[in-house]
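Chains A and B, in that order, give the protein sequences. The opening position of the first sequence corresponds to residue 1 in UniProt numbering, with each subsequent residue numbered one higher. The opening position of the second sequence corresponds to residue 1 in UniProt numbering, with each subsequent residue numbered one higher. Some notes on the structure that comes next.
2 protein chains.
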Amino acid sequence: MRPLFHPALEDIKPEAILYALSDPERVAIYAKLAGASGSGTCSALADLGDRVIPKSSLSNHFKVLRESGLIMSERQGVEMRNQTRCTELDERFPGLIKAILTAYGQLPGQPKTD
Amino acid sequence: MRPLFHPALEDIKPEAILYALSDPERVAIYAKLAGASGSGTCSALADLGDRVIPKSSLSNHFKVLRESGLIMSERQGVEMRNQTRCTELDERFPGLIKAILTAYGQLPGQPKTD
DNA sequence: ATCAATAGTTCCGAATTTCCGAACTATGGA
DNA sequence: TCCATAGTTCGGAAATTCGGAACTATTGAT
C-alpha cells in the first residue's frame with residue numbers, strides 16, 4: 001500500500017477543494033467528519049442514510065478529500081482515522097469551507113446533520 | 001437553437017455552483033465577467049492570456065455557468081450578453097461566491113484580473 | 001430577397017474520468 | 001499460524017469532457 005499523500009497547506013488548490021466538495025456524497029462525508037466528536041473511520045461514515053456507499057467508492061472519496069487537502073488520514077491499528085484540516089484551511093482560504101457547508105445546509109432534504 | 005435554460009433562484013444547487021467553479025478556466029471567465037463593466041460576450045472572454053479557448057469549449061463553459069445559476073445569458077442581436085447573478089446568489093448562499101473568488105485570487109500566478 | 005459575415009450552438013467521436021465488484025494488503029487478535 | 005477486520009488497488013464498463021466541423025441565428029450590404 002502506497003503511503004498516503006497529503007498536500008502541504010501552501011500547495012492546496014482551490015479548484016481541488018471545490019471539485020471535492022462538488023459531490024454531495026463527499027460533502028456529506030466531510031460534514032459528518034467536521035461535526036464528529038470521535039471516530040472518523042471510513043466505515044463509520046459509509047452510511048449516508050439514503051444509501052450505503054460501496055467500499056471502493058468510499059475509499060476513493062477519502063482519497064479525493066485527502067489529496068485536495070480537506071482531510072488528514074492516518075492509520076491507527078487496523079482502521080483509519082480521518083480528521084478535517086479546517087483550521088489550517090480557513091487560514092489559507094478564509095471563510096471558504098464555512099460558506100460551502102452553509103450553502104449545503106440550507107438545502108431542503110438535509111434534516112439532521114447529527 | 002433551443003432556448004437557454006436558467007434555473008430559478010430556489011432551484012440553484014450548491015453542488016452545481018462548486019462544480020462549475022472547480023474548473024480554473026470557468027472561474028477565469030466568471031471572474032472576468034464579474035469584474036467587467038460592459039460587454040460580457042463569449043468572444044470577449046475567450047482569451048485567457050495563456051490560451052485561447054476553442055469556440056465549442058467556450059460555449060460549453062457558458063452553458064455550465066448558466067445552468068448552474070451563476071450567470072444569465074441573453075441574445076442581443078448577433079451576440080450574447082452574459083452577466084453574473086451574484087446579487088441574487090449571495091442572497092441564497094451568503095458569502096459563497098466571494099469566498100470562492102477570494103480563494104482563487106490568493107493563488108500566485110494570477111497577476112492581473114483586468 | 002439574396003448573400004456574406006459574425007457570434008455562438010450543436011453534433012459526434014476520441015480521450016479521459018468515474019464508478020464499483022473482485023482481488024489484494026495490512027494489522028491485530030486467537 | 002490462521003482468521004477477521006478495515007481499507008486499498010485493479011480493471012473494465014459506463015459516463016463525461018473536449019474540441020473540430022458543420023449548423024443556426026441575426027445583421028448588414030447589394
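C-beta: ideal position from N, C-alpha, C; glycine also. Quick caveat: nothing in here was measured; it's all calculated off a predicted structure.
Could you give the C-beta distance for Ile21(B) and Ile100(B), rounded to a whole number, given that I count them as a contact under 8 Å? Within the second sequence, the letter at position 21 stands for residue 21(B). Within the second sequence, the letter at position 100 stands for residue 100(B). For the sequence presented, residue 21(B) should be read as Leu rather than Ile. Indeed, because the Cβ distance is near 6 Å, the residues count as touching under 8 Å.
Identify, in the order they occur along the chain, each residue of the same chain with its Cβ nearer than 7 Å to the Cβ of Lys112(A), setting aside the five sequence neighbours on each side. Against the first sequence, residue 112(A) aligns to sequence position 112. Any reading at Lys112(A) must be qualified, since the residue scores a pLDDT of 42, below 50, and its modelled position is unreliable; the value itself is stated next. Excluding sequence neighbours, Lys112(A) sits near nothing in its chain.
Rounded to whole angstroms, what is the Cα-Cα separation between Ile17(B) and Glu79(A)? Working through the second sequence from its first residue, we reach residue 17(B) at position 17. Working through the first sequence from its first residue, we reach residue 79(A) at position 79. Roughly 34 Å separates the two Cα atoms.
Distance between Pro54(A) and Asn60(A) (C-alpha atoms, nearest Å): Within the first sequence, the letter at position 60 stands for residue 60(A). Within the first sequence, the letter at position 54 stands for residue 54(A). One C-alpha to the other measures close to 10 Å.
For a cutoff of 9 Å on Cβ pairs, would you count Val64(A) as touching chain B? Indexing the first sequence from 1 puts residue 64(A) at position 64. Judged by the 9 Å Cβ criterion, Val64(A) is not in contact with chain B.
So Arg81(A) is in the beta strand (DSSP E); what residue range does that whole segment cover? Taking the first residue of the first sequence as 1, we reach residue 81(A) at position 81. Its beta strand (DSSP E) spans residues 79 to 84.
Could you list which residues in chain A have their beta carbon closer than 8 Å to that of Gln19(B), in chain order? Numbered from 1 along the second sequence, position 19 holds the residue referred to as residue 19(B). Residue 19(B) is actually Tyr in this sequence, not Gln. Residues of chain A passing the Cβ test: Leu18, Tyr19, Ser22.
Within the chosen definition, does the stretch 88 to 98 of chain B reach the stretch 40 to 59 of chain B through at least 3 CB pairs nearer than 8 Å? no
What span of residues does the beta strand (DSSP E) with Ile71(B) cover, start to end? Residue 71(B) sits at position 71 when you count from the first residue of the second sequence. Start and end: 71 to 76.
9 Å Cβ cutoff met for Gly40(B) and Arg81(B): Position 40 of the second sequence holds residue 40(B). Position 81 of the second sequence holds residue 81(B). Yes, they are a contact pair.
My assumption, with CB atoms under 8 Å, is that Gln76(A) sits in contact with Leu33(A). Please give the rounded CB distance. For this step, residue 76(A) is matched to residue 76 along the first sequence. For this step, residue 33(A) is matched to residue 33 along the first sequence. With 8 Å as the limit, Gln76(A) and Leu33(A) do not qualify as a contact, their Cβ atoms being about 15 Å apart.
Name the DSSP bridge partner or partners of Asp47(B)? Position 47 of the second sequence holds residue 47(B). The partner list for Asp47(B) (beta bridge, DSSP) reads Val52(B).
Is Thr102(A) close to chain B, meaning its C-beta is less than 9 Å from at least one C-beta of that chain? Here residue 102(A) corresponds to residue number 102 of the first sequence, with the count starting at 1. Output row for Thr102(A): interface = yes.
Between Val64(B) and Val52(B), what straight-line distance do the alpha-carbon atoms span, to the nearest angstrom? Numbered from 1 along the second sequence, position 64 holds the residue referred to as residue 64(B). Numbered from 1 along the second sequence, position 52 holds the residue referred to as residue 52(B). Using only the alpha carbons, I get a separation of about 18 Å.
Can you check which of these residues, Gly69(B), Phe62(B), Cys86(B), is closest to Glu10(B) by C-alpha distance? If you number the second sequence from 1, residue 10(B) lands on position 10. Measuring from the Cα of Glu10(B), the nearest candidate turns out to be Gly69(B).
Cα-Cα, which of Glu15(B), Tyr30(B), Arg66(B) is closest to Gly105(B)? Stepping through the second sequence from its first residue, residue 105(B) is reached at position 105. The candidate whose alpha carbon is nearest that of Gly105(B) is Tyr30(B).
Is the beta carbon of Glu15(B) sitting closer than 9 Å to the one on Pro24(A)? For the purposes of this step, residue 15(B) is taken as residue 15 along the second sequence, with counting starting at 1. For the purposes of this step, residue 24(A) is taken as residue 24 along the first sequence, with counting starting at 1. For Glu15(B) and Pro24(A), yes; Cβs fall inside 9 Å.
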